[in-house]
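Asks: Per my numbering, the very first residue in the sequence shown carries number 576; after that it's consecutive.
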Amino acid sequence: MSQKKIIVIDDDETIRKTFFLILNKNYRVYLANGSKEALKRFRNAKMDLIIADLKLPYLNGIEMIAEFREAGYKGEVILISAYPDLISVDKLARLSISHFFVKPLDLEALNRSIDYLLNPKKITENRI
């Protein structure tokens with residue numbers, strides 16, 4: 576079975592590197608420092624999960640996710656932000672954003688969410 580593909584979009588290099596170190600063992604991880612780079616990478620590889628910061632250069636995370644959805648992306652999305660007041664539940668629901676995490680990130684909870692979104696059968700089997 577091929578590795579699931581995740582793209583992490585954040586303008587903070589430390590956050591991108593942290594995600595890479597955590598996720599690279601189990602997933603194929605792509606990194607982008609902003610929405611322009613993410614949209615370019617998205618066109619070149621089919622992603623299973625998008626993890627995006629809300630505040631990005633060029634397009635913000637919401638605008639970028641809308642672009643992904645318009646391009647046909649139907650997969651999972653996790654949005655992260657240090658500014659939770661800038662996003663409404665309505666916007667999250669309208670774009671089918673699976674989870675929203677506030678910075679500083681709880682990496683353990685985030686990792687569980689990623690595993691749940693990409694391997695729901697595995698999670699269910701572990702509970703039985």
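Backbone N, C-alpha and C define an ideal beta-carbon position, used for all residues, glycine too.
#1: Relative to the alpha-carbon of Met639, which residue among Asn686, Leu596, Ile672, Val604 has its alpha-carbon at the smallest distance?
#2: By Cβ distance below 6 Å, which residues in the same chain neighbour His674 in space, the five residues on each side in sequence not counted?
#3: Would DSSP call Leu670 helix, strand or coil?
#4: Out of Asp690, Leu631, Asn635, which one is the CA nearest neighbour of Glu651?
#5: Using the Cα positions of Leu624 and Leu661, report the straight-line distance between them to the nearest angstrom.
#6: Would you report the Cα separation of Ala641 and Leu670, rounded to the nearest angstrom?
#7: Hey, which unbroken runs of the alpha helix (DSSP H) at 4 residues or more fall wholly within the segment 582 to 656?
#8: Between the Cα of Lys611 and those of Val583, Lys696, Pro679, spot the shortest distance and give me the residue it belongs to.
#9: When the distance is taken between beta carbons, is Asp586 closer than 8 Å to Gly609?
#10: Using the three-state DSSP reduction, which class does Lys696 fall into: helix, strand or coil?
Replies: On the basis of the supplied data:
#1: Nearest option by C-alpha distance: Ile672.
#2: Cβ within range, chain order: Ile653, Ser688.
#3: The three-state reading of DSSP puts Leu670 in coil, since its state is none of H, G, I, E or B.
#4: Asp690
#5: Taking the straight line joining both Cα atoms gives about 22 Å.
#6: 7 Å
#7: 588 to 598, 610 to 619, 636 to 645
#8: A check of alpha carbon separations from Lys611 across Val583, Lys696, Pro679 identifies Val583 as the nearest.
#9: yes
#10: helix
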